[in-house]
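In my numbering, the protein residues as written are 440 to 779. To start, the structure under review is shown below, and the notes come after it.
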Amino acid sequence: MTKPILTVNNLQVSFRTQKSDVQAVRGVGFSLHKGETLAIVGESGSGKSVTAKSIMRLLPKHNTKISQGEIFYEDKNLLNLSVREMQAIRGSEISMVFQDPMTSLNPTMKIGKQIIEGLQKHHHVSKREAKQRGIDMLRLVGIPNPVERIDSYPHQFSGGMRQRVVIAMALACNPKILIADEPTTALDVTIQAQILDLMSDLQQKTGTAIILITHDLGVVANMADRVAVMYAGEIVEMGTVDEVFYNAQHPYTLGLIKSMPKLHVGRSEALIPIPGSPPDLAHLGTGCPFAARCPYTMKVCHYFNPIPTSKSDSHKVSCWLQDQRVPEDLALEAVGGNHS
Ligand code: SF4
440 MTKPILTVNN LQVSFRTQKS DVQAVRGVGF SLHKGETLAI VGESGSGKSV TAKSIMRLLP
500 KHNTKISQGE IFYEDKNLLN LSVREMQAIR GSEISMVFQD PMTSLNPTMK IGKQIIEGLQ
560 KHHHVSKREA KQRGIDMLRL VGIPNPVERI DSYPHQFSGG MRQRVVIAMA LACNPKILIA
620 DEPTTALDVT IQAQILDLMS DLQQKTGTAI ILITHDLGVV ANMADRVAVM YAGEIVEMGT
680 VDEVFYNAQH PYTLGLIKSM PKLHVGRSEA LIPIPGSPPD LAHLGTGCPF AARCPYTMKV
740 CHYFNPIPTS KSDSHKVSCW LQDQRVPEDL ALEAVGGNHS
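Below is the structure:
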């Protein structure tokens, strides 16, 4: 296999609060290859957005601590770059799209000017060339009448069209990686599908690798090549889309799949939500952080956090159920898990 363009190793990120440290990301590691889409899935607070913002170095400095880890983009560890070196990469080689397009857009500036500014900052192109590139990008993302619309302000677009504009801005400099953090969550279902189709389509044309961050496993089925499932700051299962959808091994992944609406079976089938809520990351105890919600909790789960085991070259899971090394006396069902 070719060398990854992005490799994250053992990333540990915490936030200082007045009372304690919140362990937001705990030992996350993955790689991303040219042209592939990796989805990072998990409930809110699972650490997926913090992981993405660590890659972009967008976390607030005053209360964030990256205590361990490496983030290699090509051969550069992004965590060691100066502010200026990182600015040169952000937007030009690695771009990010957020849930709310207004996070990226300046409401007082015409969208054309915003696209042109980005291009001129990273590439030495004339204003005319940049404007033409802006028009081409708007056309590429499906904005009608791009020659006129380049002179519109953000409020003159609908929510879905604004997200298209943001994608145009993010891709204008031909980045090698696009990080999309819940890019369709604020949009209605039809527009959601259109934006995801657009991203897939653009990826085919440009070869950009995508990290798609979402709380909705359903969103990734048609879009991702691989899926990383995050829970309580850790990746608990990672595999190809087929491995995660059709051969899920972690009880949390199985819970996410059961809580997904299944379009093909009609509306009558009830969704089964995962009972309970994620643990407080400021006060994590020993053992598996999913133990209080898991239907299969064993004694060992309360004492030790599981170690990742490989089900195949691409499929890894962190759950004692999958680990042959658990001694018999610790493999007994424990009292205290969710055995409903
Ligand atoms: Fe459930 Fe134990 Fe597996 Fe955690 S390690 S998911 S508690 S069976």
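Every residue, glycine too, gets a C-beta built ideally from N, C-alpha and C.
- Within the stretch 478–527, the runs of beta strand (DSSP E) that reach at least 3 residues and sit entirely inside it are, in chain order, 503–512.
- Between the stretch 661–678 and the stretch 467–476, the count of C-beta pairs closer than 8 Å reaches three or more; the two stretches touch.
- With a minimum length of 3 residues, there is no unbroken run of beta strand (DSSP E) contained wholly in the stretch 534–558.
- Excluding residues up to 5 positions away in sequence, Ile-574, Leu-577 and Arg-578 lie with their Cβ nearer than 7 Å to the Cβ of Pro-585 in the same chain.
- The alpha-carbon separation between Ser-459 and Ser-453 amounts to approximately 10 Å.
- The three-state secondary structure of Thr-624, taken from DSSP, is coil.
- Setting aside the 5 residues that flank it on each side, Leu-720 is surrounded in the same chain by Val-461, Gln-462, Ala-463, Ala-671 and Gly-672, each with a C-beta closer than 7 Å to its C-beta; the list follows chain order.
- Here the alpha carbon of Met-535 sits roughly 20 Å from the alpha carbon of Ser-597.
- Ala-648 sits in a strand when the DSSP states are folded into three classes.
- In this structure Ala-648 is in contact with Lys-473, their Cβ atoms being roughly 6 Å apart against a cut-off of 8 Å.
- Around Cys-758, the same chain offers His-689 and Pro-745 as residues with beta carbons nearer than 6 Å, after the five sequence neighbours per side are excluded.
- Judged by beta-carbon spacing, Cys-612 lies beyond the 8 Å limit of Gly-551, meaning their Cβ atoms are not closer than that value.
- Annotated as proximal: Leu-635 and Val-658, with beta-carbon spacing under 8 Å.
- At the C-beta level, Glu-682 and Thr-653 stay beyond 8 Å of one another.
- Ile-533 is positioned such that its CB atom lies closer than 8 Å to that of Ile-618.
- The DSSP-derived three-state label of Leu-693 is helix.
- Each of Val-668, Gln-642 and Met-669 was checked against the Cα of Met-662, and the nearest Cα belongs to Gln-642.
- Look at Arg-455 here: in three-state DSSP terms it is strand.
- Ranked by how close their Cα comes to the Cα of Thr-542, the residues Ala-478, Asp-655 and His-594 have His-594 in first place.
- Membership of Tyr-735 in any alpha helix (DSSP H) is not indicated, and neither H nor E is assigned to it by DSSP.
- The straight-line gap separating the alpha-carbon atoms of Lys-644 and Asn-686 is approximately 31 Å.
- Per DSSP, reduced to three states, the secondary structure at Ser-749 is strand.
- The secondary-structure analysis by DSSP pairs Tyr-670 across a beta bridge with Glu-673.
- If you look at Val-467, you'll find it in the beta strand (DSSP E) that goes 460–471.
- The three-state secondary structure of Arg-578, taken from DSSP, is helix.
- Between the C-alpha atoms of Lys-549 and Pro-540 there is a straight-line separation of about 14 Å.
- In its chain, beyond the 5 residues on either side, Ser-753 and His-754 have a beta carbon closer than 6 Å to the beta carbon of Gly-678.
- Counting of Cβ neighbours within 10 angstroms places Ile-650 among the buried residues, the total reaching 16 or more.
- Per DSSP, the continuous alpha helix (DSSP H) segment holding Phe-684 begins and ends at 680–685.
- For Met-608, the enclosing alpha helix (DSSP H) has its first and last residue at 598–610.
- Sixteen is the threshold: since fewer than 16 other Cβ atoms of the shown chains lie within 10 Å of the Cβ of Ala-527, the residue is exposed.
- Inclusion of Met-669 and Ser-506 in the CB contact set at 8 Å is not warranted, their separation being larger than that value.
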